[in-house]
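Asks: Going left to right, the sequence shown walks through residues 1 to 94 as this note's numbering numbers them.
Glycine is no exception: its CB is placed at the ideal position from the N, C-alpha and C atoms.
Being a predicted model, the structure only gives us computed values, none of them experimental.
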Amino acid sequence: AYLIQPDLPKDIKYEENPLLYFREKGYLANPKHLVFQSGRVYEVNENEVEKGAEDLLTPELLEVLANDEIRNYRIVERLLEIPRGKQTLVYTCT
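1) Between N72, L56 and T88, which lies nearest to E46 when the distance is taken from Cα to Cα?
2) DSSP three-state call for N47: helix, strand or coil?
3) Does the Cβ-Cβ distance between L20 and K10 come in under 8 Å?
4) Look at the alpha carbon of G52 and the alpha carbon of T92, and state the distance between them as a whole number of angstroms.
5) Looking at F36 and R78, is the spacing between their C-beta atoms short of 8 Å?
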């Protein structure tokens, strides 16, 4: 893949923190990170966590999360609280 490099003037702000630079210029949004607590509790096998420490979430745990209807319903309920028309990005683990 060919990466297009922007031709920017030498700016220490850009070099130190490109995301902040583009946010200050108005090209990128200022994100509001919200962590949603579903109230659900999951048991994790410590041996599995050690093996997959880079990913933190094992495929087995992801399967449990994906199939937890109560958790998923609560996530959808929370998303429905966002005002209609408001731009929103949602990241979930499943």
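Replies: With the structure as the only source:
1) Position 46 of the sequence shown holds residue 46. Of the candidates N72, L56 and T88, the one whose C-alpha sits nearest the C-alpha of E46 is L56.
2) On the sequence shown, residue 47 is found 47 positions in, with the first residue counted as 1. Of the three classes helix, strand and coil, the one that applies to N47 here is helix, per DSSP.
3) Residue numbering aside, residue 20 sits at position 20 when the sequence shown is read from its first letter. Residue numbering aside, residue 10 sits at position 10 when the sequence shown is read from its first letter. Not closer than 8 Å, so no.
4) As a working note, residue 52 is residue 52 in the sequence shown. As a working note, residue 92 is residue 92 in the sequence shown. Bear in mind that the predicted position of G52 carries a pLDDT of just 49, short of 50, making it unreliable; the figure below should be weighed with that in mind. Roughly 19 Å between the two C-alpha positions.
5) Stepping through the sequence shown from its first residue, residue 78 is reached at position 78. Stepping through the sequence shown from its first residue, residue 36 is reached at position 36. Yes, these two residues count as a Cβ contact at 8 Å.
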